[in-house]
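When we follow the working numbering, the leftmost residue of the sequence shown carries the number 10, and every step to the right adds one.
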Amino acid sequence: MEQKLDKQLKLTRRSFLKTMAAGTAAASAALSLPGVALSEKTDAATFATPSSIAFATDRQIEIEQPDEKIRYDLIDSHLHFTDFLEDTDGFPALCRAMDASGVSQAVIFGMPIAKQWDATMETAPSYYLSNDSRCYYYSGTDFILAEELLAQPLEIRKRFFPFCCGINGNDRFAADHIRQLLRLYPNFWCGIGEIMSRHDDLTALTYGEAPHVNSPAFLDVFDLAAEEGLPVLVHHNITAQSEERVLYRKELEEALAHNRNCNIIWAHIGISRRVEIQNLVTIASELLDTHPNLYVDISWLVFDYYFLDRFPNNYMDGDSLDDWAAFMDKY
Ligand SMILES: [Zn+2]
């Protein structure tokens with residue numbers, strides 16, 4: 010395990026962020042990868058037992074070619090294998106799409122929360138925002154990912170760093186559930202996440218309390234991750250949607266302070282749809298300066314909304330592309 014941790018720590022925060030910067034321009038699910046040695050073959054590819062499932066998913070899909078010439082070899086740090094319906098096009102199709110985008114490898118995970126199709130709805134939802142039906146924690150997502158990946162030939166398996174994510178962050182059994190996955194798929198998982206903490210509409214539509222990153226269940230997961238040398242990718246909004254005051258920063262800081270041996274990757278630097286705040290560069294810089302175990306990814310909306318100021322409602326966040334470039338350069 011120590012050797013695994015050493016490998017994982019080879020990529021510094023600086024080189025990791027550089028990788029991210031290279032990727033966002035071309036890949037639809039953007040890049041980053043803290044804590045994992047990208048040039049190494051994954052344990053998953055090398056040691057895990059192949060799956061016995063006879064028919065892995067392989068869908069013929071239309072793949073859009075990028076407008077720009079590919080200039081970098083990209084590693085995608087935030088790639089969901091399944092959507093909110095827990096559906097997937099399968100690894101071969103995914104690899105063809107990655108090839109078209111210049112993405113050689115990816116951190117991959119399922120979708121920890123699924124959208125329910127209510128009995129009263131004639132039309133099936135396609136996204137968590139499709140209607141106001143509830144969403145629920147779906148632990149099966151990890152098994153779909155593991156079995157499909159292990160059913161692939163080595164040349165596909167070695168392109169992926171699988172993370173497990175199917176837990177409810179309110180449940181104090183969460184760490185135990187992850188322990189089971191680590192036992193069932195030894196030497197397979199490279200990290201934990203994307204775990205859902207505060208995620209505006211998505212977590213608001215789950216049953217029960219909205220999960221938050223400093224809850225006892227999360228803290229147990231961080232302890233387990235530290236013990237196993239696994240990074241944890243967490244979606245935790247910096248604030249509520251349509252609220253400029255920063256509401257949830259303290260929760261993240263408490264989580265970071267809990268176990269400094271656990272590296273936490275803050276997905277999307279804490280933003281989400283309709284989460285619009287000023288001075289995100291300053292806030293992220295302060296947090297990165299204060300918490301050595303914090304990493305960020307700039308996937309999803311960060312590049313378009315915050316870097317390029319392309320908010321759907323013409324919101325101005327106050328930071329320019331130059332500010333973001335300096336941020337990327339520094340960290
Ligand atoms: Zn995500």
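Don't be surprised by glycine CBs; every beta carbon is placed ideally from N, CA and C.
Computed from a prediction, not measured in an experiment: that's the story for all the values here.
Between Ala106 and the set Asp127, Gly149, Pro121 and Leu83, the nearest pair of CA atoms involves Leu83. Spatial neighbours of Arg181 in its own chain (CB-CB distance under 8 angstroms, excluding positions within 5 residues in sequence) are listed in chain order as Pro225, Ala226 and Asp229. Sixteen is the threshold: since fewer than 16 other Cβ atoms of the shown chains lie within 10 Å of the Cβ of Lys78, the residue is exposed. A direct Cα-to-Cα measurement between Tyr340 and Trp275 gives close to 14 angstroms. Here Thr129 carries a coil assignment [DSSP, helix/strand/coil].
Per DSSP, Gln189 is one residue of the alpha helix (DSSP H) stretching across Ala183 to Leu193. Under DSSP, Val230 forms no beta bridge with any residue. DSSP places Leu138 outside any alpha helix (DSSP H), giving it a letter other than H or E.
Put simply, of Leu303, Phe231, Leu138 and Ala235 the residue whose alpha carbon is nearest the alpha carbon of Arg258 is Leu303.
In this structure, His87 has its CB closer than 7 angstroms to one or more heavy atoms of ligand 1.
Distance between Cys104 and Phe312, taken at the CA atoms: about 23 angstroms. The alpha-carbon of Leu317 is positioned some 13 angstroms away from that of Val290. Here the alpha carbons of Gln69 and Asp96 stand approximately 14 angstroms from one another. Asp85: member of the beta strand (DSSP E) spanning Leu83 to His89, first to last residue.
Restricting attention to Thr215, Glu73, Leu163 and Cys173, the CA atom closest to the CA of Phe100 is found in Leu163. Among the bridge pairs identified by DSSP, Thr215 is matched with Cys144. Contact between the stretch 193-204 and the stretch 129-144 is absent: fewer than three C-beta pairs spanning the two stretches fall below 8 angstroms. For Ser113, the enclosing beta strand (DSSP E) begins and ends at Val112 to Phe118. In this structure, ligand 1 has a non-hydrogen atom nearer than 7 angstroms to the beta-carbon of His244. In this structure, Ile307 sits away from Ile273, with a CB-CB distance that is not shorter than 8 angstroms. Comparing alpha carbon positions, the residue from Ala115, Ala293, Ser113 and Leu88 closest to Pro121 is Leu88. Burial state of Gln161 is buried, judged by a 10 Å Cβ sphere holding 16 or more other Cβ atoms. Cβ-Cβ distances below 6 angstroms link Trp333 to Phe316 in the same chain, with the five nearest sequence neighbours on each side left out; the list follows chain order.
Per DSSP, reduced to three states, the secondary structure at Lys124 is strand. DSSP lists Val243 and Val305 as the beta-bridge partner residues of Trp275. Nearest Cα to Leu154 within the set Ala109, Phe118 and Gln189: Phe118. If you draw a straight line from the Cα of Ala184 to the Cα of His245, it is about 18 angstroms long. Gly200 is bridged by DSSP to Phe172.
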